[in-house]
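*Asks:* Questions regarding the structure given below will be posed in turn.
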Amino acid sequence: MDKEQLDRFEQRLRTGLVEIASSRGVLGGRMLETEDLTGFWKRIEPNYMADAVSQINEYPTVAVAWAAYIGMAAAHYWDKDWAKHKDDAYESFYGTDGFDNMDDHIVQDILKCKKGGEESRQIVSAMQSLADVAVSAIRYEQVEPQSPMAFYVFARACRAMFAIGAAVELHKLGYSLQKVGN
Numbered sequence: 010m011d012k013e014q015l016d017r018f019e020q021r022l023r024t025g026l027v028e029i030a031s032s033r034g035v036l037g038g039r040m041l042e043t044e045d046l047t048g049f050w051k052r053i054e055p056n057y058m059a060d061a062v063s064q065i066n067e068y069p070t071v072a073v074a075w076a077a078y079i080g081m082a083a084a085h086y087w088d089k090d091w092a093k094h095k096d097d098a099y100e101s102f103y104g105t106d107g108f109d110n111m112d113d114h115i116v117q118d119i120l121k122c123k124k125g126g127e128e129s130r131q132i133v134s135a136m137q138s139l140a141d142v143a144v145s146a147i148r149y150e151q152v153e154p155q156s157p158m159a160f161y162v163f164a165r166a167c168r169a170m171f172a173i174g175a176a177v178e179l180h181k182l183g184y185s186l187q188k189v190g191n
């Protein structure tokens with residue numbers, strides 16, 4: 010698998026994630042992205058990958074899902090006070106148990122969703138479905154486990170998950186793509 014194949018894999022995954030998120034009502038049919046958030050992922054990706062790689066075998070959906078939660082948190086910060094948060098350390102997204110409960114910390118403490126509340130349940134359910142799609146897409150590629158190519162496919166899936174998480178939060182905040190000009 011070369012760069013072009015990885016690009017195609019990521020694009021197919023992004024398309025599938027947008028379709029699933031839109032069908033669940035958490036996205037409006039289009040990927041919403043900003044250069045700020047893309048740059049943020051590039052900066053924190055090495056630290057995220059160091060944590061996530063150790064989770065792949067036992068908790069594959071967690072390994073990809075947490076990237077989407079970070080995307081949601083970053084988009085939330087982008088909307089509220091990006092100047093204050095654009096340089097936040099990756100570890101600031103950790104929960105009380107570090108990487109293990111990052112999702113709870115982001116949903117409850119950053120996004121301010123009530124634990125067990127309807128909004129919290131909707132986010133968790135959507136992220137679980139999206140992570141399942143990402144893991145299935147990775148497996149579909151049939152790359153040799155623990156090979157360099159497996160790492161690159163996993164990294165692309167995490168990047169796509171970060172992007173979909175950010176898009177879901179931007180959509181929730183009322184952002185949309187609109188044609189400018191004539």
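10 is the number of the first residue of the sequence shown in the numbering used here; add one for each residue after it.
Don't be surprised by glycine CBs; every beta carbon is placed ideally from N, CA and C.
As the structure is a computational prediction, the values presented were derived from the model and not from experiment.
1) In this structure, how does DSSP classify residue 107 when only helix, strand and coil are distinguished?
2) Kindly indicate which residue of 63, 24 and 31 has the alpha-carbon position closest to the one of residue 131.
3) Give a yes or no on contact between the stretch 63-70 and the stretch 81-92, applying the rule of three or more CB pairs nearer than 8 Å.
4) I'd like the list of long-range same chain contacts for residue 185, defined as Cβ closer than 8 Å, with 5 residues on each side in sequence excluded.
5) Have a look at residue 139 and residue 151 and give me their C-alpha separation to the nearest angstrom.
6) If the criterion is Cβ atoms closer than 8 Å, does the pair residue 22 and residue 169 meet it?
7) Does the distance from the CB of residue 137 to the CB of residue 74 come in under 8 Å?
8) Taking buried to mean at least 16 other C-beta atoms within 10 Å of its own C-beta, is residue 182 buried or exposed?
*Replies:* For this structure:
1) Note: residue 107 maps to strand in three-state DSSP.
2) 31
3) Judged by Cβ distances under 8 Å, the stretch 63-70 makes no contact with the stretch 81-92, as fewer than three pairs qualify.
4) 37, 39 and 41
5) Those two C-alpha atoms are separated by around 19 Å.
6) yes
7) yes
8) exposed
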